[in-house]
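Numbering (full-length UniProt numbering), first residue to last: 1 to 461.
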């Protein structure tokens, strides 16, 4: 029986462990903190739990236009309890699933003695393991830029932002990426005055430019200050508050706030693993792997955030499955092309495949279709029809190359688009697939029809 040690119990590690066990391996999972990793404990799940509370709060406040008159009151302690309950149930569920698959769980910190032996520092002492194969899923930690003053008492990372005991009156957010805009949206809904400070000319710079422009408008309408092309120079303590000094438009501006959220991204969590001793090549902590998720040591695989590429939970899970299968003698590969990105703002934003910006940068010819959700009955009922769907396609064969969705349930709708890319579907194939009415999904079909100039419910200019 093949023995496999998995280092890290997040969505990459625990999925790899379960898949390996399904294939007949004797699996040991090593986790130094909590099963579920960043995603379940201090990332995806608690953030979405708080976003759900924030969304419900906003809906009740806006209930009058739907004939529901109420005076909602925020119980932030209750919000945190609801979040904690969701996290606890999911962590317990994952732990039970691991045990039901016969996986041994060791609580401790792992490091390589050499390419074959792993030392695990536990509360009871140091254990040594000699597995046949190893899968590294060490994850990531919040990145801290070299800005003076970020060690101040009011400076927090996303982890701290999710565990606040009271709603701050004011918050400055350094970074306009996914973490920054999502947490900013949460606290703005709860009444915080929020300012997002982004060094790049746009927020969410890796996403479709047209749709991120629309998100910017929605965030500003919500009352969030968006400051782009803005460089944070320093953070100073100012009594009980903090002063964030920002260079923008050639001048210095100070933001006085109760909390400073540092949300400039994440970095790999591979320090102390002893990668060199194991013969694992890396670039400043980012582990080098091939399409099979194999490292420079043929018996060691790496998945998820620790390879320093797309740092998303679902990415890590698919990589984990791939690594486990290859460790058990299969020949699986990871395909980045069908990997969606999601932003849980209001409305939601989801994207998969080629953007217009990337197509232009690479000189790729394309045609496109768009469909505003103002022409979709379900969207009109749900949020007044705010949103847009864009499809990028190959001009010759009409193969779908990219889909970008801004609107209600965009993060669920994107699965159809990812499947279309996986199957190399054409615009015609999507059009001839009947979509139920009234649904949000039929707007995807309309966007596909617009690629050919035949969208039914789109007003012509």
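C-beta atoms are modelled at their ideal positions from N, C-alpha and C, and glycine is treated no differently.
Spatially closest choice to residue 63 from 153, 228 and 383, by CA coordinates:
The count along the chain shown starts at 1 and reaches residue 63 at position 63. It is 383.
Any contact between the stretch 44-55 and the stretch 340-355? By contact I mean 3 or more CB pairs, one from each, below 8 Å.
yes
Can the beta-carbon of residue 246 be found less than 8 Å from the beta-carbon of residue 264?
Sequence index remark: in the chain shown, residue 246 carries index 246 (1-based). Sequence index remark: in the chain shown, residue 264 carries index 264 (1-based). Result no, Cβ atoms of residue 246 and residue 264 do not sit closer than 8 Å.
Within 10 angstroms of its Cβ, does residue 80 collect 16 or more other Cβ (buried), or is it exposed?
The residue labelled residue 80 in the question sits at position 80 within the chain shown. Residue 80 should be labelled buried.
Own chain residues within Cβ distance below 8 Å of residue 77, not counting five before or after
The residue given as residue 77 occupies position 77 in the chain shown. Contacts found: 165.
Looking at the structure shown, is residue 46 part of a helix, part of a strand, or coil, going by DSSP?
Numbered from its first residue, the chain shown carries residue 46 at position 46. Here residue 46 sits in helix by DSSP.
Roughly how many angstroms lie between the CA atoms of residue 97 and residue 326, to the nearest whole one?
Position 97 of the chain shown holds residue 97. Position 326 of the chain shown holds residue 326. Each residue's Cα considered, the two are about 22 Å apart.
Please state if the CB of residue 444 and the CB of residue 416 are separated by a distance shorter than 8 Å.
Taking the first residue of the chain shown as position 1, residue 416 is located at position 416. Taking the first residue of the chain shown as position 1, residue 444 is located at position 444. Result yes, Cβ atoms of residue 416 and residue 444 sit closer than 8 Å.
Thinking just about the alpha-carbon of each residue, which of 428, 296, 141 and 431 is nearest to the one in residue 115?
Working through the chain shown from its first residue, we reach residue 115 at position 115. Of 428, 296, 141 and 431, the residue nearest in Cα terms is 296.
Rounded to a whole number of angstroms, what is the C-alpha to C-alpha distance between residue 354 and residue 407?
Residue 354 sits at position 354 when you count from the first residue of the chain shown. Residue 407 sits at position 407 when you count from the first residue of the chain shown. If you take the alpha carbons of residue 354 and residue 407, they lie about 19 Å apart.
So, are the CB atoms of residue 103 and residue 17 less than 8 Å apart?
Taking the first residue of the chain shown as position 1, residue 103 is located at position 103. Taking the first residue of the chain shown as position 1, residue 17 is located at position 17. Yes.
Contacting residues, own chain, Cβ-Cβ under 6 Å from residue 342 (five flanking each side not counted)
Walking along the chain shown from the start, residue 342 turns up at place 342. Here the set comprises 350 and 411.
Would you tell me roughly how many angstroms separate the C-alpha atoms of residue 184 and residue 173, rounded to the nearest one?
As a working mapping, residue 184 is identified with position 184 in the chain shown. As a working mapping, residue 173 is identified with position 173 in the chain shown. Cα to Cα, the separation comes out at about 7 Å.
What distance in whole Å lies between the Cβ atoms of residue 7 and residue 137, which are believed to be in contact at a cut-off of 8 Å?
Start at 1 with the first residue of the chain shown, and residue 137 comes out as number 137. Start at 1 with the first residue of the chain shown, and residue 7 comes out as number 7. Yes, residue 137 and residue 7 are in contact; Cβ-Cβ is about 6 Å, under 8 Å.
Secondary structure, alpha helix (DSSP H): runs of 4+ residues fully inside the stretch 156-212
158-162 and 178-189
Terminal residues of the continuous alpha helix (DSSP H) containing residue 91?
Along the chain shown, one-based indexing puts residue 91 at 91. Taken as a continuous stretch (DSSP letters only), the alpha helix (DSSP H) holding residue 91 covers 76-100.
Between the stretch 305-323 and the stretch 260-275, do at least 3 Cβ pairs fall closer than 8 Å?
yes
Best match in 413, 418, 438 and 455 for proximity to residue 432 [C-alpha to C-alpha]:
Walking along the chain shown from the start, residue 432 turns up at place 432. It is 455 whose Cα lies nearest to the Cα of residue 432.
Buried or exposed (CB count within 10 angstroms, at least 16 for buried), residue 250:
Here residue 250 refers to the residue found at position 250 of the chain shown. The residue in question, residue 250, is exposed, as its Cβ has fewer than 16 Cβ neighbours within 10 Å.
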